[in-house]
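Everything in the sequence shown is counted per full-length UniProt numbering, starting at 1 for the first residue and increasing by one. Here a beta-carbon is modelled for each residue, glycine too, at the ideal position from N, C-alpha and C. As the structure is a computational prediction, the values presented were derived from the model and not from experiment. Worksheet: one structure, shown below.
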Amino acid sequence: MLLLLSVSTVAFLAIVVSASDDAHQAFWPPSNIVSLIDPAEGRINLALRPRVVSSPHTGYLANYHELLITSLASDVKVNREHSQLKRMVDAQQSLLQQPNRPQYSLYPQVLNMRQIVRHVQSGIPLEEEPINDPPLIPIHTPDRVCQQSANKWPDLVILVESCLDCASARQHARETFMQPSLWLEMYVQFVFSVAISDTRLGVKERKSFALLYPGLEKEQQEHGDLLTGGPFDSKMLQTWNRIQAFRWLSVFCQERVPLYLFINSNYSVVPRNLITFLRGIPRDLQLILNAGLRPQTLEVPRSGLDPVDHDEIPWNRYPEHYNDTVFFVGAELLIKASITMAFTRPYRNSAAYLGFVWAKLDYPSLHLPEIIKEKGNYSEICASSVVGTAHLDRYMDWSNGFFFGP
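Shown next, in the form of structure tokens:
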């Protein structure tokens, strides 16, 4: 049973954990949150920390793979000054002669990811350590979300990807689509995920966070619905916001909650329409749902404000993915993705980063333009489940959850 931890409980658990010799998790998600308590901080650490063999060789499989494909593609001139990723991609594309079928599994870390996920979930030691698994210790965690009460778990958790300065948008959400009276037919819980950049918060300032940001601290005390973390690299802020959210949900909600909806703070939900939509999807399909809105382009930008070098991303197109605005992830896939993220190099384009995660797991995504609308006419918005807030507010009577007449 996952319970809300009091300060005294956290302190006690920290002592218990500090007495343990094993800094690695037996399984992920862990069966007991005691193993997540960081002794130094007295807080939950969402780092994966999988078991590894006594002498792990991180990068071994990538080196072996490069040696193999470059030896087979002997006619390809390899420039040793390029990144290992670009060298492998160039050799493999020449070898396979299929430039339109990129092998995104080469994106670091090179591993058999489905096998890795199975091993981590089973507690089997790995031969390589993850390349993206630093301490991940939230400052705030939600008080009541996925805390078992009367043996009832949510049918859906909606996570709003928010920001440090988005207090007004969060309050607007609480006063509109998050009203409990609009969700009488489905048990839904809400979380605001907030990532703070290293330009706004230093590592040493974490302990004085309440003094630095009293408004956010007061908001958490009043509503208890924030998942706050940081400091994170400002260039990859949204990527780390998502990694933190996936990890927290995979630990505390797991598959007891079949489905998660992620939206950014510029979108709102139409409760009646979303309930109708989800009722048409059996639970076993909700667990593996992976859907959102495709971006306008998958092309990797080589010029403009934020050009991407070929050494960083050798392919001309990103893997198939949905954009950052709104997407559904089933619990089964979310848990596997939360593991895979530890073995996937961070990338500043958070939508494309999640695309690499799904590509490494070989899970396609669905496109839901009828369900998700940024904007539209009256009839289009009335038929949608998630809509841009500015447009939905024009037509919605939030006192009862019904649309105004045309």
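Taking just the CA atoms, how far does residue j sit from residue i?
| i | j | result |
| --- | --- | --- |
| Tyr213 | Arg200 | 10 Å |
| Ser197 | Leu48 | 22 Å |
| Lys375 | Val270 | 13 Å |
| residue 407 | Met396 | Beyond the ends of the chain as shown, which are 1 and 406, falls residue 407; an answer cannot be given. |
| Glu332 | Glu255 | 6 Å |
| Val110 | Asp324 | 25 Å |
| Phe328 | Gln244 | 17 Å |
| Arg394 | Ser122 | 50 Å |
| Cys253 | Leu96 | 42 Å |
| Val257 | Ala337 | 16 Å |
| Val387 | Leu289 | 20 Å |
| Leu106 | Ala62 | 8 Å |
| Leu366 | Lys204 | 42 Å |
| Ile131 | Tyr378 | 48 Å |
| Ala169 | Gln221 | 18 Å |
| Glu185 | Ser83 | 53 Å |
| Asn32 | Cys146 | 15 Å |
| Arg174 | Glu127 | 46 Å |
| Ile339 | Glu219 | 31 Å |
| Ile372 | Thr389 | 12 Å |
| Cys163 | Val194 | 5 Å |
| Glu66 | Trp315 | 17 Å |
| Glu370 | Gly405 | 21 Å |
| Ser265 | Ala73 | 48 Å |
| Arg283 | Val188 | 15 Å |
| Arg206 | Leu354 | 28 Å |
| Tyr64 | Met88 | 11 Å |
| His172 | Leu293 | 24 Å |
| Asp155 | Phe209 | 33 Å |
| Leu182 | Thr176 | 9 Å |
| Ile69 | Pro102 | 14 Å |
| Phe246 | Gln92 | 32 Å |
| Asp21 | Pro125 | With a pLDDT of 40 at Asp21, under the threshold of 50, the modelled position of this residue cannot be trusted; read the value that follows with caution. Distance between the alpha carbons of Asp21 and Pro125 is about 16 Å. |
| Ala291 | Phe356 | 15 Å |
| Ile281 | Ser385 | 14 Å |
| Asn241 | Val300 | 22 Å |
| Gln115 | Phe403 | 48 Å |
| Cys382 | Gly401 | 11 Å |
| His119 | Ala352 | 26 Å |
| Leu46 | Ser35 | 10 Å |
| Trp398 | Glu380 | 18 Å |
| Glu81 | Ala40 | 41 Å |
Which partner residues does residue i have in the DSSP bridge list?
| i | result |
| --- | --- |
| Val386 | Val269 and Ile372 |
| Ala195 | Gly229 |
| Leu261 | Ile158 and Phe328 |
| Leu126 | Val52 |
| Gln405 | According to the sequence displayed, residue 405 carries Gly and not Gln. Bridge partners of Gly405: none, in fact. |
| Asn366 | A small correction: the amino acid at residue 366 is Leu; Asn does not occupy that position in the sequence shown. Answer by DSSP bridge pairing, in chain order: Ala291. |
| Glu299 | Arg317 |
| Gln189 | Val157 |
| Met396 | Phe403 |
| His391 | His391 is not bridged to any residue. |
| His140 | Thr228 |
Which whole-angstrom value is the C-beta distance of residue i and residue j, which I expect to be below 8 Å?
| i | j | result |
| --- | --- | --- |
| Asp133 | Ala359 | Between Ala359 and Asp133 the Cβ distance is about 20 Å, and since that is not below 8 Å, they are no contact. |
| Gly330 | Leu259 | 6 Å |
| Pro56 | Glu161 | Not really, about 33 Å apart at Cβ, beyond 8 Å. |
| Lys86 | Asp311 | 5 Å |
| Ser94 | Val76 | 5 Å |
| His24 | Arg43 | That belief does not hold up - the Cβ atoms of His24 and Arg43 are roughly 18 Å apart, past 8 Å. |
| Ala167 | Gly202 | The Cβ separation is near 22 Å, so there is no contact. |
| Pro29 | Val191 | That belief does not hold up - the Cβ atoms of Pro29 and Val191 are roughly 17 Å apart, past 8 Å. |
| Ile263 | Ile158 | 7 Å |
| Asp38 | Pro135 | 7 Å |
| Leu392 | Ser268 | 5 Å |
Tell me whether residue i, by its Cβ, gets closer than 7 Å to a heavy atom of the ligand ZN.
| i | result |
| --- | --- |
| Pro307 | This structure lacks the ligand ZN; in fact it carries no ligand of any kind. |
The segment 214-234 in contact with the segment 136-145 per 3-pair CB rule at 8 Å:
Counting Cβ pairs under 8 Å, three or more are found: they touch.
ask   = Just checking, does the segment 316-326 make contact with the segment 273-283 on the three C-beta pairs under 8 Å criterion?
value = By the criterion of at least three beta-carbon pairs nearer than 8 Å, the segment 316-326 is not in contact with the segment 273-283.
Return the chain-ordered ranges of every beta strand (DSSP E) run that is complete within the segment 22-108 and spans a minimum of 3 residues.
-> Annotation note: the segment 22-108 contains no uninterrupted beta strand (DSSP E) run of length 3 or greater.
Notebook entry, point to check: Is the segment 346-358 touching the segment 236-243 in the sense that three or more CB pairs, one from each, lie closer than 8 Å?
Noted result: A contact exists between the segment 236-243 and the segment 346-358.
Restricting to runs no shorter than 4 residues, where is the alpha helix (DSSP H) found entirely within the segment 234-259?
Fully enclosed alpha helix (DSSP H) runs of 4 or longer: 237-252.
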